[in-house]
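Numbering (our numbering), first residue to last: 1 to 259. All residues carry an ideal CB built from backbone N, CA and C; glycine is no exception.
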Ligand code: V0D
């Protein structure tokens, strides 16, 4: 579409009209671990005069499509920020609706995910999740634990600072009980105490909806990650947009602080 028309339609996103071909992306290095902050669901609904939950529901369908595309590209892990520890501050009705989405998602898509060899995992504090949510998620994890394809890792009631504090507490406890020696503390050991263990750190972080911040997401793990921000709202995010993000990643040289 012409950029001038996009502006007229209210999009802040303008692009070079370039189609990224999947076969071309497959010739390059595929990021092994992609993390996504799926933002803009409420705004997508508002633009259409729909309730916020309609945006969340549409966003859930996008999760399914992006998971399939990532798996087909040979991505090894996809971590999706579905619910932050801050999200409890939202209206009770919205939180209750959100907590039903894992069940709806899994009722609809778990058979396909199993078919596609996807392994479902979660990171975050399980304790505050409603039992119905936790039950659905634990069944999915158990039903897929032997799958060897894409790891689909949902961050549910996740906050990175709290994850780091909890790692420190567990390390202190293991020292006290003589399980490890304090001289053993290094970056590699510390990583083992984080909820993402044994996943490698993300190679690529995508955040949708035009916000340029981390919002307490994987602060330790994102130290060397390439960031790709877009104005596209999560319910509008497509397989093509994922290719675009990976294509941009492939054109950047990662040096991990070297030259
Ligand atoms: C709403 C956009 C899938 C972000 C995506 C509880 C906001 C749709 C799940 C899901 C949410 C979680 C765990 C699981 C299977 C599916 C999900 C929440 C929100 C928060 F095992 N979409 N989704 N969970 N949204």
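Check, Outcome
"Quick one: measure Cβ to Cβ for residue 67 and residue 118, integer angstroms, because I've assumed they're closer than 8 angstroms.", "7 angstroms"
"Just grab the DSSP bridge partners of residue 156 for me.", "83"
"Starting from the N-terminal side, write out each stretch of the alpha helix (DSSP H) that is 4 residues or longer and does not extend beyond the stretch 105-185.", "131-144 and 160-176"
"Count the other C-beta atoms from every protein chain shown that fall within 10 angstroms of the C-beta of residue 113, then say buried if there are 16 or more, exposed otherwise.", "buried"
"Is any heavy atom of the ligand V0D found at a distance shorter than 7 angstroms from the C-beta of residue 154?", "yes"
"Mind checking whether the beta-carbon of residue 140 lies closer than 7 angstroms to any heavy atom of the ligand V0D?", "yes"
"According to the neighbour-count rule (16 or more other Cβ atoms, all chains shown, within 10 Å of its Cβ), is residue 133 buried or exposed?", "buried"
"Residue 277 to residue 162, Cα distance in whole Å?", "Nothing can be reported for residue 277: it is not among the residues displayed for the chain, which extend from 1 to 259."
"Can you tell me whether residue 41 sits near the ligand V0D, meaning its C-beta is under 7 angstroms from at least one heavy atom of the ligand?", "yes"
"Under 8 angstroms, do residue 60 and residue 104 count as touching if we go by C-beta distance?", "yes"
"Assuming residue 69 contacts residue 222 under a Cβ cut-off of 8 angstroms, what Cβ separation, rounded to an integer in Å, is found between them?", "At roughly 22 angstroms, the Cβ-Cβ gap does not stay under 8 angstroms, so residue 69 and residue 222 are not in contact."
"Mark residue 238 as exposed unless 16 or more other C-beta atoms lie within 10 angstroms of its C-beta, in which case mark it buried.", "exposed"
"Could you give the uninterrupted runs of the beta strand (DSSP E) lying entirely in the stretch 28-67, keeping only those of 3 residues or more?", "33-37"
"Could you tell me how far apart the beta carbons of residue 317 and residue 226 are, in whole angstroms, since I believe they sit closer than 8 angstroms?", "Because the chain here runs from 1 to 259, residue 317 falls outside it and cannot be looked at."
"Where DSSP assigns a beta bridge to residue 20, which residues make up the other side?", "Paired residue(s): none; residue 20 is not in a bridge."
"Just checking my contact of residue 155 with residue 81 at CB under 8 angstroms: how many whole Å lie between their CB atoms?", "5 angstroms"
"Rounded to whole angstroms, what's the CA-CA distance from residue 260 to residue 83? Just pull it up for me.", "Absent from the structure is residue 260, since the part of the chain shown begins at 1 and ends at 259."
"Report the CB separation of residue 195 from residue 123 in whole angstroms; it is logged as a contact under 8 angstroms.", "4 angstroms"
"Cβ of residue 70 versus every heavy atom of the ligand V0D: is any distance shorter than 7 angstroms?", "no"
"Residue 206 lies in the beta strand (DSSP E); which residues open and close that run?", "204-207"
"Buried or exposed: which applies to residue 233, given that a residue is buried once 16 or more other Cβ atoms fall within 10 Å of its Cβ?", "buried"
"Identify which residue in 74, 75, 34 and 157 has its Cα closest to the Cα of residue 102.", "157"
"Just to confirm, does residue 132 get its C-beta within under 7 angstroms of one of the non-hydrogen atoms of the ligand V0D?", "no"
"Can you find the residues in the same chain that come closer than 8 angstroms, C-beta to C-beta, to residue 48, ignoring five residues on each side of it along the sequence?", "54"
"Evaluate residue 179 with the Cβ neighbour count: other Cβ atoms within 10 Å of its Cβ, from every protein chain shown; 16 or more gives buried, anything less gives exposed.", "exposed"
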